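Numbering (the UniProt record's numbering), first residue to last: 1 to 240.
Ideal Cβ positions, reconstructed from N, Cα and C, are used throughout, including at glycine.
In this text, all values refer to a predicted model and were calculated from it rather than measured experimentally.
Okay, so here's the structure we're looking at.
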Amino acid sequence: MALSTLRIVWLYPDLLSTYGDRGNLLVLAHRARARGIDVEPMQVRSDQRVPHTADMYLIGGGEDGPQAVAADRLLQDGALNRAAEAGKPILAICAGYQLLGSSFYANGRAYEGLNILDLRSDRGPSRAVGEIAGDAAPQLGIGPITGFENHGGRTHLGEAVQPLARVTAGIGNDGATEGAWAGHVIGTYMHGPGLARNPRLADLLLAWAIGVDPSQLRPIDDTWPERLRAERFQALTAAQ
């Protein structure tokens, strides 16, 4: 492996941490340690500086007020933008996903985003709540994705990003696509937490962080994650 200790920053848990998003950190740590990689989880609160020396960054979801505060503080800090420019993997969920774009809507008005991803978000005609699934971009090699969404926004993608997936159930960005990715940055509306339901996505992020192809990661026992995935897909089929 390209490094012995994986430093994962969980950004602003005091502002952005809803619907089990901390689970993404736990999943990544487990899957790394199962392969003999030491993990140093770093929880960075909103009153602390964001370290620029980490190997991966995670952002969760949150309500409008905390989302606006988080965007303002991340803009002032600048470290997350520098991390993206350096090619560090970033996984952003829901409100965290929206604030990576050029603008998002909160507290009844538009706010400036971080401009890390070429997208913008506004309010949708209804709230998207429930199971979400889709066929992920073939280039990522992660297969179908599954998660839980709960958001009132709609996200519009620009030319410099690609959808994370084409929606087969749920709303995602707009009822047709879900999430976005460019380089080593992934944004998604999938709570759940998303990585517990999508181990191949977790391994893709790990591979990016340690500088190897996902095929080079040692296989681990995914019996329980695959059972969870099968259960969620079966529930969607039964509901149709």
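Under 6 Å Cβ to Cβ from residue i, same chain only, skipping five residues before and after it: list those, please.
i: Pro-225; result: Pro-199
i: Asn-173; result: Thr-155
Sorted by chain position, which residues of the same chain lie with C-beta nearer than 7 Å to residue i's C-beta, five sequence neighbours on each side aside?
i: residue 243; result: Shown here, the chain extends from 1 to 240; a query on residue 243 therefore has no answer.
i: Gly-96; result: Leu-16, Ile-59, Gly-60 and Gly-61
Would you please state the rounded distance, in angstroms, between the beta carbons of residue i and residue j? I believe it to be under 8 Å.
i: Gly-143; j: Ala-136; result: 6 Å
i: Gln-98; j: Ser-126; result: Actually they are not in contact, since the Cβ atoms of Gln-98 and Ser-126 sit about 17 Å apart, beyond 8 Å.
i: Arg-154; j: Gly-108; result: 16 Å between Cβ atoms; not a contact.
i: Leu-228; j: Ala-196; result: 7 Å
i: Asn-24; j: Leu-91; result: 6 Å
i: Leu-201; j: Ile-132; result: Contact doesn't hold; Cβ gap of about 14 Å is too wide.
What's the gap between the Cα of residue i and the Cα of residue j?
i: Leu-205; j: Lys-88; result: 10 Å
i: Val-44; j: Tyr-105; result: 24 Å
i: Thr-5; j: Arg-35; result: 12 Å
i: Gly-147; j: Ile-171; result: 11 Å
i: Ala-217; j: Asp-203; result: It should be noted that the sequence gives Leu, not Ala, for residue 217. Straight-line Cα distance between these residues: approximately 8 Å.
i: Val-161; j: Leu-100; result: 12 Å
i: Ala-86; j: Pro-163; result: 22 Å
i: Ala-128; j: Leu-119; result: 19 Å
i: Val-27; j: Ala-110; result: 33 Å
i: Val-185; j: Pro-219; result: 24 Å
i: Tyr-19; j: His-151; result: 11 Å
i: Ala-68; j: Ser-103; result: 11 Å
i: Glu-149; j: Thr-168; result: 13 Å
What would DSSP say about residue i, mapped onto helix, strand or coil?
i: Thr-237; result: helix
i: Arg-7; result: strand
i: Val-39; result: strand
i: Ala-92; result: strand
i: Gln-139; result: helix
i: Thr-223; result: helix
i: Arg-218; result: coil
i: Gly-124; result: strand
i: Leu-58; result: strand
i: Leu-164; result: coil
i: His-52; result: coil
i: Tyr-97; result: helix
Quick one: residues in its chain with C-beta nearer than 8 Å to the C-beta of residue i, no 5 flanking neighbours on either side, listed in chain order?
i: Ala-54; result: Arg-7, Ile-8, Val-9, Met-42, Ala-83 and Lys-88
i: Arg-166; result: Gly-134, Asp-135, Ala-176, Thr-177 and Glu-178
i: Arg-49; result: Asp-77 and Ala-79
i: Arg-31; result: Pro-199, Ala-202, Asp-203, Leu-206 and Ile-220
*Three or more C-beta pairs closer than 8 Å, one from the region 56-69 and one from the region 11-19: is that the case here?*
Short answer: they touch.
*asked:* Three or more C-beta pairs under 8 Å: does that hold for the region 173-192 against the region 211-222?
replied: no
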